[in-house]
Structure formats: C-alpha cells, structure tokens
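Residue numbers (our numbering): 2 to 51. No residue lacks a Cβ here, since even glycine has one placed at the ideal position from N, Cα and C. None of the values given here were measured: they were computed from a predicted structure.
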C-alpha cells in the first residue's frame, strides 16, 4: 500500500524512498548565482540539481 505524499516540514526519516527532497532556498540561491555568473558571457547553461 502506498503512503500519502510527503509534506513540507515532514521529518526526512518519515518520507518513503526514493524521494526527491530539495532545500528550495539553497536551490534558488544557486540558480541566481549561476545566472549572475554567466550573464553577459557567450555561454549556454542548463541548470540541474543533484
């Protein structure tokens, strides 16, 4: 039987795996940093998460 999807604030230990868990503030900060770094440079980037 499948459990209900995880919710914001739920303890990591209580989330079924495999699961995608993102620290959203850090992810968005990293995207902003990347965008600022490559701005005005002749490069193309494809943001991703690991």
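Distance between residue j and residue i (C-alpha atoms, nearest Å)
i, j, result
"residue 41", "residue 29", "20 Å"
"residue 63", "residue 33", "Outside the shown range of the chain (2 to 51) lies residue 63, about which nothing can therefore be said."
"residue 3", "residue 12", "18 Å"
"residue 25", "residue 45", "23 Å"
"residue 37", "residue 27", "15 Å"
"residue 18", "residue 31", "25 Å"
Proximity below 8 Å, CB of residue i to CB of residue j
i, j, result
"residue 35", "residue 43", "no"
"residue 9", "residue 16", "no"
"residue 20", "residue 7", "yes"
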